[in-house]
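Heads up, the sequence shown is in UniProt numbering, so the first residue is 1 and it goes up one at a time. Every residue gets a Cβ at the ideal spot worked out from N, C-alpha and C, and that includes glycine. Please read these numbers as outputs of a predicted model, since none were measured by experiment.
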Amino acid sequence: MRLRGKKNIRESLEKQPDLVVLEPQKLRGRWHEFFGNENPIHIECGMGKGQFISRLSGNNPNINYIGMDMYDELLKRGSEKARKLWKDEKGMDEVPNLALVRGNVEFLDKMFEPGELERVYLNFSDPWPKSKHGKRRLTHPRFLMMYKEALNDIGEIHFKTDSLSLFEFSLNSFSAAEIQMRNISLDLHRQSLRDDLVLTEYESKFVAKGMPIYRLEAVVGPKVQEEHRRLVAEDLAAQLRRGTTKNYEAGDDEDEDSESDE
């Protein structure tokens, strides 16, 4: 996506060091210093206009959030949205648990030390439909290895898309990387709008048109993998006692963890 720049956007961003980070590599290993606490850090790679990450920051003050994008115009829109949300709902001029970062996921390892993140959100990333562009997809194995390195022992990746081809590609990528998946949905809002989840701008538009949303959660960190295996084993044993079985990788939509982080 190309955005036409507007005058004084860069100056506006430079005046917001409390919220906007233009050189994230300088904070590698020091993000908890930036936030002033030891709370977990969740990042959205490709935040768009910032609705998703701004809403999460307001919903969950005990989690630190990072919204990353490459475009100054999107950072500006995101900063305006975040400040308005916190002003309207919290009566605060500051946004204490959010950083809007100008950056490219290609250089994620230059921005974060191993284990510095707890969750990665990938929402409606560019599907790059041509086969020759497969390495650019944000669920390509080369990116999955970057996320895996940056995530801590309970790290997860939450992925949503409207592209069936990208979702199929991603399922294969996660499987090839030996990353377990849960809560796989082929039509997230099939029964009704999931008001327990935070929607992006794109998602709201797609749902209004009746388009299916594909979603999964990938358990990456060793501790969360161990917990996932334990729960699956317990569930399997319980269902065998009842004489029933189900698809454990896909899970049950009604039991799906929400993006409220509660």
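N152 is the residue among N152, V207 and K160 whose C-alpha sits nearest the C-alpha of V224. Counting C-beta pairs with one atom in each stretch, the segment 117-135 and the segment 157-171 have three or more that are closer than 8 Å, which means they touch.
Scanning its chain for C-beta atoms nearer than 6 Å, with the 5 sequence neighbours on each side dropped, one finds around P212 the residues D187, in chain order.
Distances from the CA of F167 to each of L138, M92 and M146 were compared; the closest alpha carbon is that of L138. Distance from the CA atom of E234 to the CA atom of I53, rounded to whole angstroms, is 34 Å. Contact between the segment 92-99 and the segment 6-23 is established, with three or more Cβ pairs separated by less than 8 Å. By the Cβ-count criterion, H189 is buried, with 16 or more other Cβ atoms from all chains shown falling within 10 Å of its own Cβ. With contact defined as three or more Cβ pairs closer than 8 Å, the segment 21-37 and the segment 79-93 are not in contact. Here the alpha carbon of P141 sits roughly 26 Å from the alpha carbon of G50. In this structure, V120 keeps its C-beta atom at 8 Å or more from the C-beta atom of I63. In this chain, the alpha helix (DSSP H) harbouring V207 covers E201 to A208. Excluding its 5 nearest sequence neighbours in each direction, V198 has C-beta neighbours in its own chain below 6 Å: F52, R55, L56 and E259, listed in chain order. In the DSSP assignment, H32 falls within the unbroken alpha helix (DSSP H) covering W31 to F35. Looking at the backbone, the Cα of G58 and that of Y65 are separated by about 10 Å. Proximity to N39 across G103, E118 and K209 peaks at E118, based on C-alpha coordinates. For E116 and E14, the gap between their C-alpha atoms comes out near 25 Å.
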